[in-house]
Every structure is written in structure tokens, then in C-alpha cells.
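Worksheet for the structure shown next.
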Amino acid sequence: MRHNAIKPDEAMTAAVRRVAAVAAAHAADVDREARFPAEAVQALREEGLLGALVPHHLGGGGATMTEATGHCQILARACASTAMIYAMHHSQLACIVMHALDAPWHRAFAQRIAEEGLLLASITSEVGVGGDMRSSICAVEVSGDRFTLEKQAPTVSYGDHADVFLVTARVNCDAPASDQVLVVVPRAQATYEATGGWDALGMRGTGTVGFTFRSGGAAEQIIPAPFADIAAEAMVPASHLLWSGVWTGIAVEALTRARQFLRAQARRQPGVAQPGAARLMHAAGLLDAMQARIRLLLAQFDATHALGSDRPVMTEAESGWPQGMARAGVLNMLKRDVSEQCHEVVLEALRICGMAGYKNGTDFSIGRHLRDILSAQLMINNDRIAATTGTMLLAQRADLGTL
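The sequence shown stops at residue 422 when you use our numbering, and every number in between is there.
What follows is the structure in C-alpha cells.
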């Protein structure tokens, strides 16, 4: 199915807002039934937004990471599950756009993603590696121009509804665990059995379950670049930036409801100082600081990476985009801080609204937002991130906290 052509900037934002309206109409049911947000994802497909990061010359939207992150924030205000699916999809699409478009098979497949609105899912987790994306037990077996692959994955989000899977594995059976490749597998080439179900506290529409996954196909489906480079340059930065858009979107919506509550109270009690106003100031300050931090990193990323377009770019030194270990540290700290501070913003919104926010079905209900934002600290557990990043900071020679 071909989608409507999309344009950058205002037209693309307008398309996202149309999708957000669809997502909002079904968000309560998606949450209540823990079901895939089919209506919103179909709207994303019809608006051409699943190809937002694909370059124009391949039929996509040619979006920047700043634009894609903004899309996540708009969608999250309506339905966090829809926004997270959009973010996860684009974190995978960024890997193809940044590391595979020079290969004929992947260039043609990127065009298919844009034209057909294919939904991408990630299979990077594996039973036995303890949540370490940069380690694999399974391996790709290549014979001639064909490959086979089998993987036990404990967490695959929206896998039952994905059109394409991006799967990590060792480059061959003799390779060490960290010598990995990323394989693009269309659904038609995959067989899988889901293990377990998904009845979670929040993000209930993402449908994260385990998979026993098997596939085979053409060896050219293996992205030529080492997964170590793909992860460091594309997957991790895109994930943390796009997730930040989702989480701040949840926080923005919760705080907007809290401000509306205070305005309603003020109209009923003119001239009376509202006690929740101080909490509103505190939460708004947290949100502003997070947004400024995210905007800076997005500007640096987009100044450095053309994402497959013909935009002129700078070197990392010129743009300020951090390199090597420093980049990993900056992104890890962003993820940890935004996930925790957005939780605090949502809690402040709930405190402001009181019982009107605690109850479901009111104009000021915050319960779904609070449950959804709790997932942020568990997606790559913050304790693991803090321990890893603290060790990296010990090894760095740069001064800490300087302007």
C-alpha cells in the first residue's frame, strides 16, 4: 500500500497531529485492553510517517532527528504506547539510513519502508546475556549467498505486528560474543513462537513478549558495517534522543492537565492563591531544563549527521557532538536523568490535581501517564546505566562540570 506523499517541517508536523488525534481517540482502550494501537499505527502508515527518516530521493520524509523526536513528543501526549512504537521503529530505521544505504539491497529496502509504510522492530535482547545489547550468543550461519539464524529473545516489542525485524547476532559461530552484525529480516522470512504474555503496569500497547525466532534469507541482508559501529553511532543515540521525546511528551501532557486544573480552581476562587502553583513552577522548571538539554544534543546530532540526505554537515569537533566514550557517557546520563525527572514532573502534576488526577475518567486524570512514565527507568535499567557510566567517568581525563 502506498502512502500519501509527505513534506518536511509544517506539513509533516500537521500529519503527526492528525495521527495524534487518532491515537488519543483510542488511547484509553489501548491501555485498558493492553492491545496494539492498530488505528494509530495505520494512520502513521497512511500519512507516510513510518518513512520519516528515509531520504527524499528514496521516497521518504527526509526528516532530521530533531523533527522525529518532536513527532514522538506530540504522539506521547496522546498515547505513550503509540509514541514508543514510533520511537523504537525510527531507532531501527536510523541504523539502515546511517549505515546501509550504500548497499543496493538495503537502499532498495529503505525505499520499500517509505513506500509501503513497513513497521520495524528490534531483536537485540537474548536469553543468557543479561540485557547486554553488545553481546550475542546466537550466530549468523552463512553458506554461499544465504544465511540462517536462530535466536532466543526475552523481549521483543510489538513483534506480532512488525513487518520487519532487525536482529543482532555474532558474525559467525567462531566469533567472540561482541563481534556482531545486524540482520534485516522481513516478516515473510521469519518464523517465531511468542513466549509469555504482556499484562504490564504501563506502556500496555507495546506488547513486549519473548520470541523464539528463526529466519533465513540472502546474505546481502546482513548490514555490512560492524554492529559495534551501528550501535555507537546510530542505534544508541537515536534511541536515547527519541525516547526523551516520548518521556517529555508524557510529562508535558500531565503538567498541562495540572495547569488546567489550577486555572479551573482559580476561576472558582478568584483572588485566592492556589497552593499547587509552587509545584507547577518546580515541575515547569524541571521540564524546561530537560528540553534545553535535549535540544542541544539534537542540534549537535543533526549538525553532524545528514541521515542519508544531502544536507551539509560538520565534523564532530565543529558541531560539539561528543565522541567515543564521552558520547556514551553523555547519552547515558541523558537517559537516566530524563527518565527520572519526567517521573518527578508527572508526580508533581498528580499532587497538583489531587483526587481529580488520581481518579480515572476525569479531565485531569494522571494515572495512565504515571504508569507509562514508570517504564522509562526500566528500559535499560537506570542502576545498570549509572554503574556503567560511573566507571566510564573514572577513566575520562576531561574535567567534570566545566562550562
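Just so it is clear, CB atoms sit at the ideal spot from N, CA and C, and this is done for glycine as well.
Quick caveat: nothing in here was measured; it's all calculated off a predicted structure.
From the options, pick the residue whose C-alpha is nearest to that of residue i; which is it?
i, options, result
"Glu-145", "Cys-157, Glu-135 and Leu-138", "Cys-157"
"Gly-216", "Gly-229, Pro-341 and Ser-338", "Gly-229"
"Asp-343", "Ser-197, Gln-61, Glu-65 and Leu-412", "Before going on, a small fix: residue 343 reads as Gly here, not Asp. Nearest option by C-alpha distance: Leu-412."
"Ala-213", "Asp-382, Gln-310 and Ile-142", "Ile-142"
"Cys-192", "Ala-209, Leu-168, Pro-173 and Leu-138", "Leu-168"
"His-108", "Cys-98, Leu-63, Leu-120 and Ile-93", "Leu-63"
"Thr-267", "Pro-256, Arg-298 and Ala-311", "Ala-311"
"Gly-373", "Ser-197, Gln-279 and Gly-78", "Gln-279"
"Val-364", "Ala-347, Val-349 and Met-300", "Met-300"
"Asn-400", "Ala-302, Asn-351, Asp-198 and Ala-46", "Asn-351"
"Gln-396", "Tyr-377, Gln-288 and Ser-263", "Ser-263"
"Arg-54", "Glu-335, Ser-258 and Gly-178", "Gly-178"
"Ala-406", "Arg-355, Ile-371, Thr-231 and Leu-137", "Arg-355"
"Val-265", "Arg-51, Arg-96 and Pro-56", "Arg-96"
"Asp-151", "Ile-242, Ile-241, Pro-173 and Val-49", "Pro-173"
"Glu-58", "Asp-402, Ala-44, Ala-30 and Gln-130", "Ala-44"
"Ala-247", "Ala-196, Glu-66, Tyr-211 and Asp-307", "Ala-196"
"Ala-347", "Tyr-211, Ala-253 and Thr-210", "Ala-253"
"Glu-52", "Gly-79, Arg-314, Asp-218 and Val-255", "Asp-218"
Can you list, in chain order, the residues of its chain with a C-beta nearer than 6 Å to that of residue i? Leave out the 5 residues immediately preceding and following it.
i, result
"His-362", "Ile-392"
"Gly-7", "Given that the chain is displayed from residue 20 to residue 422, the structure contains no residue 7 and the question cannot be resolved."
"Thr-85", "Leu-317 and Asp-321"
"Ala-257", "Ser-110 and Ala-113"
"Ala-24", "At Ala-24, the pLDDT of 42 sits below 50, so the modelled position is not reliable; the number obtained from the coordinates is stated separately. Cβ within range, chain order: n/a, list empty."
"Val-190", "Asp-198 and Val-200"
"Gln-208", "Ser-234 and Gly-236"
"Pro-331", "none"
"Ile-269", "Ala-95, Ala-99, His-388, Asp-391 and Ile-392"
"Arg-370", "Arg-298"
"Ala-417", "none"
What do you reckon, are the CB atoms on residue i and residue j nearer than 8 Å?
i, j, result
"Ala-423", "Val-161", "There is simply no residue 423 to check, as the chain begins at 20 and stops at 422 in what is shown."
"Ala-140", "Val-175", "yes"
"Leu-68", "Val-35", "yes"
"Val-183", "Val-202", "no"
"Thr-101", "Val-73", "no"
"Val-204", "Gly-236", "yes"
"Thr-83", "Leu-326", "yes"
"Ala-133", "Leu-94", "no"
"Arg-298", "Glu-367", "yes"
"Thr-231", "Gln-171", "yes"
"Val-357", "Met-398", "no"
"Leu-274", "Ala-296", "no"
"Ala-244", "His-118", "yes"
"Ala-46", "Cys-98", "yes"
"His-388", "Glu-272", "yes"
"Ser-328", "Gly-89", "no"
"Gln-415", "Ala-345", "yes"
"Arg-276", "Asp-50", "no"
"Leu-120", "Ala-129", "yes"
On the DSSP bridge assignment, give the partners of residue i in chain order.
i, result
"Phe-184", "Ala-140 and Val-204"
"Thr-231", "Gln-171 and Glu-212"
"Glu-272", "BP columns for Glu-272 are empty, so no partner."
"Glu-29", "DSSP output for Glu-29 lists no bridge partner at all."
"Glu-66", "According to DSSP, Glu-66 bridges with nothing at all."
"Val-161", "Phe-166"
"Arg-189", "Ala-158 and Gln-199"
"Ala-237", "Arg-165"
Return the chain-ordered list of same chain residues with a C-beta closer than 7 Å to the C-beta of residue i, the five sequence neighbours on each side being excluded.
i, result
"Asp-28", "none"
"Gly-339", "Gln-319"
"Gln-293", "Leu-281, Gln-284 and Ala-285"
"Asn-4", "Because the chain here runs from 20 to 422, residue 4 falls outside it and cannot be looked at."
"Asp-164", "Ala-237 and Ala-238"
"Ile-404", "Asn-351, Lys-354 and Arg-355"
"Gly-375", "Going by the sequence as given, residue 375 is Ala instead of Gly. Hits under 7 Å: Phe-280, Thr-381 and Phe-383."
"Ala-87", "Ala-71, Leu-72, His-109 and Leu-261"
"Met-333", "Ala-322 and Thr-323"
Give a yes or no on whether 8 Å exceeds the smallest Cβ distance from residue i to chain D.
i, result
"Arg-346", "The chain inventory of the structure shown lacks chain D, comprising one protein chain alone."
Which same chain residues end up closer than 8 Å to residue i when comparing Cβ atoms and leaving out the 5 residues on each side of it in sequence?
i, result
"Leu-419", "Leu-412"
"Val-349", "Leu-316 and Pro-341"
"Leu-138", "Val-60, Arg-64, Leu-69, Ile-104, His-108, Tyr-177, His-180, Ala-181, Asp-182 and Val-183"
"Ala-194", "Ala-158"
"Arg-21", "Below a pLDDT of 50, predicted positions are generally treated as unreliable, and Arg-21, at 40, falls in that range; the measurement from the model is reported next regardless. Only Glu-134 and Glu-135 meet the Cβ criterion."
"Ile-242", "Cys-114, Ile-115, His-118, Ala-119, Ala-122, His-125, Val-200, Leu-201, Val-202, Val-203 and Ile-249"
"Arg-206", "Ala-181, Asp-182, Val-183 and Phe-184"
Quick check: is any heavy atom of the ligand MG less than 7 Å from the C-beta of residue i?
i, result
"Lys-354", "Because no ligand of any kind appears in the structure shown, any question about the ligand MG cannot be addressed here."
**OP:** Only counting runs of 4 or more residues, tell me where the alpha helix (DSSP H) segments fall wholly within the region 344-414, in order along the chain.
**Re:** Within the region 344-414, the complete alpha helix (DSSP H) runs of at least 4 residues fall at 374-377, 386-393 and 401-414.
**OP:** Would you list, in sequence order, the uninterrupted alpha helix (DSSP H) runs of no fewer than 4 residues that lie entirely inside the region 288-343?
**Re:** If we require 4 residues or more, the alpha helix (DSSP H) runs fully inside the region 288-343 come out as 296-323 and 335-338.
Original post:
For the region 62-126, which segments carrying the alpha helix (DSSP H) assignment without a break, of at least 4 residues, lie completely within its bounds, in sequence order?
Top reply: The region 62-126 contains, as complete alpha helix (DSSP H) runs of 4+ residues, the segments 84-97 and 99-118 (chain order).
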